[in-house]
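As structure tokens, the structure follows; a few thoughts come after it.
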């Protein structure tokens, strides 16, 4: 049934591109985002800076919803000429904890931020709510039997996508940045958020999600759903197969990627979704906006993958076809140099992110049988 519904929705999208508005609104609802995407003040703050090897890094925090703090590092080239294209790098599930202190995922992904800065981009590397400097529970249904999350319409996919939207809001306040040239990328969990963000936010002009997506055949029939975190799954009220997400990204420049021995996002799944997505891009007359990179290796962000990503953005955000961009292979900043907070804000509510986010979006369940039937059809 789900496969048939998905095919029907894709057929409608091809016949009437305006139907993407309805599908996008469904995704917004399933993610638990505010239906009108209403914002609250970001209260963004830079707590310090460091520089090394021609790269400046700023330590940033902001509040996507009141009193829920996200931490990030903004990488900039020390020498800037004009306004810069920007990359939002969304971190995967790779923590950095030392002596009981969480420094955030961003410490693990500094090479990506440095790479983009050395190639003339601004790059905001964003922590997740699970493994930021104020870590909280991110695997409620997969490990904690917190099925009440579903009852209140909460999935970590929602808060992570909302934080990414607000991160774009922050980037758009920066005078250094060309807001017409924004790309998003990430690997694994970061790839999942990159897919969602590109599907719901038109400010993203090019996207390169590495891994981060699988279809229901993989999750249910092959049984890999137990390998995945909650953040891969919106509350699937409208019975989507997740191949609909690329349909909402199209026809934006999209580089899909993975590795040939990935046990979490298997090669067969990646190829299957790519073929379906290629059909969409061909029908939109935008086949040159789609590409695929597969590199040898397990579930990992490989060097070849990183090279393909930077080349993709060079082409689609700068209009350049460079053959040898700079690829940073070693860390240059210590974890302490990247840490945003010296002390955790006393008013932080990250520990109750499920309750805070569900209260924030103020969603009401169907009140009548007619409203319920409208949702289910």
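In the working numbering, the protein residues as written are 315 to 691.
Note that beta-carbon positions come from the ideal geometry of N, C-alpha and C, so glycine has one too.
- The shortest CA-to-CA distance from residue 574 to any of 583, 544, 496 is the one to 583.
- Rounded to the nearest whole angstrom, the CA to CA distance from residue 418 to residue 412 is 10 Å.
- Put simply, the backbone Cα of residue 548 is about 13 Å away from that of residue 454.
- About 19 Å separates the Cβ atoms of residue 594 and residue 498, ruling out a contact at the 8 Å cut-off.
- When DSSP states are grouped into helix, strand and coil, residue 606 belongs to the strand group.
- Taking every protein chain shown into account, the CB of residue 380 has fewer than 16 other CB atoms within 10 angstroms, so this residue is exposed.
- Take the alpha-carbon of residue 472 and the one of residue 521: they are about 19 Å apart.
- If the five residues before and after residue 491 are omitted, its C-beta is found closer than 7 Å to the C-beta atoms of 397, 398, 400, 436, 485, all from its own chain and listed in chain order.
- Look at the beta carbons and you see the segment 511–519 touching the segment 563–572: at least three pairs across the two are nearer than 8 Å.
- Listed in chain order, the non-local C-beta contacts of residue 448 below 7 Å within the same chain comprise 383, 658, 662, 664, local neighbours out to five positions each way being set aside.
- If you check the CB distance, residue 363 and residue 624 do not come in under 8 Å.
- Note on the segment 567–645: whole alpha helix (DSSP H) runs with a minimum of 4 residues are 581–597, 617–627, in chain order.
- Fully contained in the segment 382–446 are the following beta strand (DSSP E) runs of length 3 or more, in chain order: 382–391, 398–404, 436–440.
- In the same chain as residue 619, and ignoring 5 residues on each side of it, the C-beta atoms closer than 7 Å to its own belong to 524, 571, 607, 609, in chain order.
- One Cα belongs to residue 371, the other to residue 476, and the distance between them is close to 24 Å.
- The three-state secondary structure of residue 339, taken from DSSP, is helix.
- Contact annotation: the segment 539–547 touches the segment 453–470, with at least three C-beta pairs closer than 8 Å.
- Its Cα nearest to that of residue 478, the residue 500 stands out among 489, 415, 500, 488.
- The shortest CA-to-CA distance from residue 557 to any of 527, 577, 603 is the one to 527.
- Counting along the chain, residue 648 sits inside no beta strand (DSSP E), nor does DSSP assign it H or E at all.
- DSSP places residue 372 in the uninterrupted beta strand (DSSP E) bounded by 369–379.
- For residue 328, the CB contacts under 7 Å within the same chain, skipping 5 residues up- and downstream, are 597 in chain order.
- With a threshold of 16 other beta carbon atoms within 10 Å, residue 416 meets it and is buried.
- Across the set 494, 639, 444, the C-alpha of 639 shows the shortest separation from the C-alpha of residue 432.
- Counting every other CB atom within 10 Å of its CB across the protein chains shown gives residue 422 a total of 16 or more, marking it as buried.
- Residue environment: residue 660 is assigned as exposed (fewer than 16 neighbouring CB atoms within 10 Å of its CB, all protein chains considered).
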